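Participant: Protein chains in written order, with the numbering used here: chain A, 1269 to 1527; chain B, 2 to 265; chain C, 14 to 275. Before I ask anything, let me first share the structure, which is written out below as C-alpha cells.
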Amino acid sequence: MSGARPARSRVAGALLDAAAAAAFWPRAAGATLRGPPLVDTVLLTLRLVVTSVPVVFAVTFFSGAMLTVQAAASLAPFGGGALAGIAVGFGGIREVFPLLAAASVAARSGAEIASQLATMRVTKQIEALEVMGLDPLRLLVGPRIVAAVVGTPVCVLVGCGAGMLGAQAIGAWQLGLDRGAMWSNLWSGIVAADLVVGALKGLVLGFLLGAVSAREGLVAGAGARGVGSATNRAVIRALVVVSCASLALSSAIYGRLAG
Amino acid sequence: MRALALFGRPALALFAGAGRVIAFAPPAALRALGSGHGARAAVSQAVSIVARCAAPVVLVCGPIGAMLALQGLTLMRTFGVERALAPLCVATIVRELAPGFAAVVVAMQGGAGIAAELGAMRAADELDALEVMGIDPRAEVAGPRILGAAVAAPLLNGLAMLCGVVGAWVMAVPILGVPNTLFLGTALDGVTAADVWLSAAKTVLFGAALGAVCASAGFFAERSAAGVGRAANRAVVASVILVLVFNYLCNTAIFGLRGGALAL
Amino acid sequence: MSDSTIPDSAAPEHTGGPAVLLEHVAKRFGDHAAIDDVTLAIPRGRITALLGPSGSGKSTLLRLITGLSRPDAGSVRVLGEELSTLPRGGLLKLRRRMGMLFQDNALFQSLTVVDNVAFPLVRVARVPTAEAKRRALALLEQVGLPGLGERRPDELSGGQRKRVALARALALEPEVVLFDEPTSGLDPQTSAAIDALLRETQRRLGTTFVVITHDIISAAAIADHVGLLVDGKLRAFGSKDEVWSSTDPQVRAFLDRRLPAG
C-alpha cells in the first residue's frame, strides 16, 4: 500500500514531463521557421554529418553483417542463402538501417546537442542571450534542428548503403555465397521508392531527435551533474521517440500494402 | 602522410582508450566483487539500472517486434510462406533484436547515466574525496556499476524478448490477421532453450563491456560541466558500437565462421 | 631560492618533526612550472596558511601533499612518510590520518548530511552504523549544525556545506587537515564565521591545519604561520608577524595590494 502512491505519482510525473517535452516540439519548429543564423546552421549541419557518418557507418555495417549471419542460419530450412539476402535487404532498407542510423545520430549528435545546450544553460550563457534581448530558441535551437533535419536523411542513406555492404561482405567472404547473386538478392526486394521513404523517415526522425535533445539540454539542472543527466535523458528519450515514430511511419506507409 | 594523420590519430585515440578501459575496469570490478560492500552495492546498482531501463526497453522493443512482423509478413506473403512468420520473428527477436536493443537501451540509459554520474563526481572532487579518505574510488564507485550493468543487461534482455514477441503478435494477429493458432502454434519452432541461454550469456558480456566503457569515460572525465556532457556522449557512442561489433563476433562464434546451418 | 626565505621558526616545534616536509619539489604541466623548487616545513599543531594569487600553484601543492598527484622532482614527506616510495596501500593508510576540505566541499550528493559525515567512520574505521551516526550527529553539533542531519547537501547554504565538509574531514580524528580555499565563494560575514570555527576547532583539537587561500583577511584571522607562493615559488615563509612585516618587494606587492589600508 505504501508503495502505491509514490509509484502512481511517479507515473503521473513522468506523463506530465512527457507532455511538456512534446509541447516543446511546435516551439522548436516555430523557432526553426523564424530563420536561424545562416553560418551557424551550415557549420552545425556539416559537423553533424561529419561526426555522425562514421558512427552510422560502423553501426549499420555490423548490423547488416549480424542480420545476414542470423538470417542465413534461421532461414536455412526455407531456402537458405538466397532468401537470407532478400530478407536482409528488404527488412534492412525498410526498417532496421534507417532506425539504427537515426539512433546513431541521436547517440552521437543528439547527445552533443543536449550536452552543449545544457552547458550553456548551466554556465548562464542562455540567460546572457536573453538579457541581451536575443532569442536563444532562434539562435541556438533553430540551427541544430535544421542540422538534424538535413543531416539525418543523409545518414539514413549512408546507413542503408553501409548495411548492404556489411551484408554483402559477410555473405560473400564469411558465408561463401556467390557474390553477384548475393548482391542482386539483397536489392531484389527493394525499389527506389523504399530509399525515398527511408530519406523521408529520416527527415521526420531528424526533427524529432533534434527537438527532443534540444529540449533536454535547455531544461538541464544545475552543475556538471545537470549536464550529465540532461545528456543521458536526451539520448534515451530520443531513442524511444525515434523507435515509436519509426513504427508509426512504417505502419502508415507500408501497413496498407501488407494487409 | 596527411592520410596517415587523418586516420592515425583517431586510431591511436581508439587504442589508447581501449587500453585505458582494459587497465581500469577489470581490477575495479574484481576489487568490488572481493569486498562485501562492493558486492552489495553492485546488487543495488543492478536494481537501479533495471528500474531505469525497464520502461525504455518496453517502448523500444515493442515497436521493433511490431515492425519486424509488419515487414516480415509483407515479404512472407510474397513468397507464400506465411507459416514461417512466427518462428522467424521469435527467433530473430530472441537471438538478435532483444539482446542487441536491450544492450543499446542499457548503454543509452544506464551507461550514459554511469558516465554522467561518475563524471559529475569527478568534477565535484567527490572521487578525490574518497581517495583522501583512504578509500579506493575504483572499487567503491566504478566496480559496482560495471557489475551492476553486467547483471542488469540479461534481466532486461528477458523483458526485451517478451516485449518484442508481444509487439510482433499484436502486429501480426489482431492487425494483419494472421490466425492466432498459427502464430502461437509455430512461435517456438525457431528457437531452442540453448538460444535463450546464449542470448542471456551475450548480454552479460555486453553489459560488462558497456559498463566498463561508460565507467571509465566518467571516471576520467574532464573536471567541468562541458566535460561531463562530453564524457556521457562519448560513452554512449563507444558502447553502442562496441555492442554491435560484439554481437556480430558472438554470432560468428556461435553459428560458425561459415554459417553453420547453411551447410544443410 | 636562498635558505634565508625559510626562517628558523619553521623548524619543528613539536616532537616527531614537521607535519609536512617538502624538499625541492617541482611539478610541471607541459611547459608551465606549476611548482618550482619549493622547500617547506609545516609545523605540527598549528594553523599554517599558504597564501598566493590564483594560478600561483597553491592547489597543485595541496594535491602533492595528499598524493593525488606526484611531484616531477623532490620529496614530499607527510607525518614522517615519504610519499614517492609509499606503495598504494600505504598511501591509502596514510591518508586515513589526514583530512581534507575541498574547495567545492566534495560532499557526496547521493547521501544525506549525516551519512556524509558518518561515511568515513563506517567505511574506513568500520564503526557500526548506529554508533557512526551518533558520532556524526555529535560532530555536526560541534561545527554548529544541529538538526540538519537529514537534509541533502544541495539543500544547504554555502557556509553550512563548508561546516558539513569540516565535520566529515574531522570524523576520523586526523593528525593533519588540509583546506583548499575554505572561504572562497562565501560572503564576508560567513567567511568570518568559518574562520572563527576553524580557529576554535584547531585550538580545541590541537590538530595541524594547512590552509590554502588567496584571502589575506582570512589568513590574517586564523594563521600562526604564513607562506607566500607566487608563480610556483615560495617567496616567504615564517610566523605571521614575520611575513606581515617582510620588506621583500614581491611580498609587499602582494600584501599591500590586498590588505585594507590602515
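Ideal placement from N, C-alpha and C gives every residue a C-beta, glycine not left out. These figures come from a predicted structure and were not determined experimentally.
Is there a C-beta anywhere in chain A that falls below 8 Å from the one on Thr-75/B?
Facilitator: yes
Participant: Can you list the residues of chain B that Arg-1493/A reaches, using a CB-CB cut of under 7 Å?
Facilitator: Ala-121
Participant: With the cut-off set at 8 Å, would you say Val-224/C and Ala-209/C are in Cβ contact?
Facilitator: no
Participant: Identify every residue that forms a DSSP beta bridge with Met-111/C.
Facilitator: Val-189/C
Participant: What's the C-alpha gap between Asp-200/C and Ser-231/C?
Facilitator: 12 Å
Participant: Between which two residues does the alpha helix (DSSP H) containing Lys-146/C stretch?
Facilitator: Following the DSSP letters along the chain, one finds Lys-146/C inside the alpha helix (DSSP H) bounded by residues 142 to 155.
Participant: Taking the C-alpha atoms as reference points, what is the distance between Leu-69/B and Val-246/B?
Facilitator: 22 Å
Participant: Which chain C residues sit within Cβ distance under 7 Å of Val-167/B?
Facilitator: Result: empty, since nearest Cβ-Cβ is about 35 Å, beyond 7 Å.
Participant: What number of angstroms, rounded off, separates the C-alpha of Leu-1228/A from the C-alpha of Trp-1293/A?
Facilitator: Missing from the structure shown is residue 1228/A; chain A here goes from 1269 to 1527 and no further.
Participant: With distances taken between CB atoms, is the gap from Val-135/C to Val-177/C smaller than 8 Å?
Facilitator: no
Participant: Would you mind reading off the limits of the beta strand (DSSP E) that contains Gly-81/B?
Facilitator: First-last for Gly-81/B: undefined, no H or E at that position.
Participant: Is the beta carbon of Leu-119/B closer than 8 Å to that of Ala-142/B?
Facilitator: This sequence places Val at residue 142/B; Ala is not what is there. Closer than 8 Å, so yes.
Participant: Do you know whose CA, among Glu-94/C, Leu-211/C, Gly-172/C, lies nearest Lys-106/C's CA?
Facilitator: Glu-94/C
Participant: Taking 8 Å as the cut-off, does the stretch 1459 to 1471 of chain A touch the stretch 194 to 211 of chain B (at least 3 CB pairs, one atom from each stretch)?
Facilitator: The stretch 1459 to 1471 of chain A and the stretch 194 to 211 of chain B do not touch, with fewer than three beta-carbon pairs separated by less than 8 Å.
Participant: Which residue comes first and which comes last in the beta strand (DSSP E) that contains Ser-1452/A?
Facilitator: Where Ser-1452/A is concerned, there is no enclosing beta strand (DSSP E), although the alpha helix (DSSP H) it sits in stretches over 1447 to 1456.
Participant: If we ignore side chains and look at the alpha-carbon of each, how far apart do Arg-1362/A and Phe-1475/A end up?
Facilitator: 19 Å
Participant: Contact defined as beta carbons within less than 8 Å: I believe Thr-204/B pairs with Asn-158/B. What is the distance between those atoms, to the nearest angstrom?
Facilitator: The Cβ separation is near 4 Å, so the contact holds.
Participant: Would the stretch 135 to 150 of chain B count as touching the stretch 80 to 95 of chain B if we require 3 or more Cβ pairs under 8 Å?
Facilitator: no
Participant: The beta strand (DSSP E) with Ile-296/C in it runs from where to where?
Facilitator: An answer regarding residue 296/C cannot be provided, because it is not within the stretch 14 to 275 covered by chain C.
Participant: Which full runs of the beta strand (DSSP E) of 3+ residues lie inside the stretch 1296 to 1333 of chain A, going along the chain?
Facilitator: none
Participant: Quick one: is Leu-1301/A buried, meaning 16 or more other Cβ sit within 10 Å of its Cβ, or exposed?
Facilitator: Within a 10 Å sphere around the beta-carbon of Leu-1301/A sit fewer than 16 other beta-carbons, which makes this residue exposed.
Participant: If I follow the unbroken beta strand (DSSP E) through Phe-102/B, where does it start and stop?
Facilitator: Phe-102/B -> not in any beta strand (DSSP E); alpha helix (DSSP H) instead, spanning 99 to 106.
Participant: Which partner residues does Glu-95/C have in the DSSP bridge list?
Facilitator: Under DSSP, the beta-bridge partners assigned to Glu-95/C are Arg-90/C.
Participant: Nearest-angstrom Cα distance between Ala-1333/A and Asn-248/B?
Facilitator: 10 Å
Participant: Name the residues in the stretch 1377 to 1395 of chain A whose C-beta lies less than 8 Å from a C-beta of chain B; which are they?
Facilitator: Ala-1379, Glu-1380, Ala-1382, Ser-1383, Gln-1384, Ala-1386, Thr-1387, Val-1390, Thr-1391
Participant: Run down chain B in chain order and give the residues with a C-beta less than 9 Å from the C-beta of Thr-79/C.
Facilitator: The answer, in chain order, is Asp-129, Glu-132, Val-133.
Participant: From the beta carbon of Gln-1338/A, is the nearest beta carbon of chain B less than 8 Å away?
Facilitator: yes
Participant: Determine which residues share a DSSP beta bridge with Leu-42/C and list them.
Facilitator: The sequence shown places Phe at residue 42/C, rather than the Leu named in the question. Partner(s): His-45/C.
Participant: Mind pulling the chain A residues with CB within less than 7 Å of Gly-191/B?
Facilitator: Ser-1342
Participant: Give the DSSP-derived three-state secondary structure of Ser-197/C in the structure shown.
Facilitator: coil
Participant: Considering only the alpha carbon of each residue, which of Met-1450/A, Met-1400/A, Val-1321/A, Thr-1391/A lies closest to Gly-1357/A?
Facilitator: Met-1450/A
Participant: What distance in whole Å lies between the Cβ atoms of Glu-255/C and Thr-226/C, which are believed to be in contact at a cut-off of 8 Å?
Facilitator: Rounded, the Cβ-Cβ distance is 18 Å, inconsistent with contact.
Participant: Can Pro-64/B and Ser-1511/A be called in contact, C-beta distance under 8 Å?
Facilitator: yes
Participant: Would you mind sorting Leu-1311/A into buried or exposed? The rule is 16 or more other CB atoms within 10 Å of its CB.
Facilitator: exposed
Participant: So that I know if they touch, is there some Cβ in chain A lying closer than 8 Å to that of Thr-182/B?
Facilitator: No, no contact with chain A.
Participant: Note down, in chain order, all residues in the stretch 1417 to 1451 of chain A with a beta-carbon under 7 Å from any beta-carbon belonging to chain B.
Facilitator: Taking 7 Å as the upper bound on Cβ-Cβ separation, chain B lies near residues Gln-1442, Leu-1443, Gly-1444 of the stretch 1417 to 1451 of chain A.
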